[in-house]
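Peer 1: Basically the numbering used here = 1-based index in the sequence shown + 48.
We put the CB at the ideal spot given by N, CA and C, even for glycine.
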Amino acid sequence: MPDAGMFAVADQILVAAHDLAVVLRSEDEVVEAVRVVEEARERAGV
Numbered sequence: 049m050p051d052a053g054m055f056a057v058a059d060q061i062l063v064a065a066h067d068l069a070v071v072l073r074s075e076d077e078v079v080e081a082v083r084v085v086e087e088a089r090e091r092a093g094v
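1) Where does residue 53 sit, in a helix, a strand or coil, going by DSSP?
2) Classify residue 94 as helix, strand or coil using the three-state DSSP reduction.
3) Using a threshold of 8 Å, state whether the C-beta atoms of residue 81 and residue 62 are closer than that.
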């Protein structure tokens, strides 16, 4: 299955998003998490 890597990455992103949703307790923490993820996305060029 040539696209298996894409599905593995998507699964890891879903797990990470779920974990963030569980641990973030305030709006400020959500804003900070979004900022960090956005910076990582830009560095990855996606």
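Peer 2: According to the data block:
1) helix
2) coil
3) no
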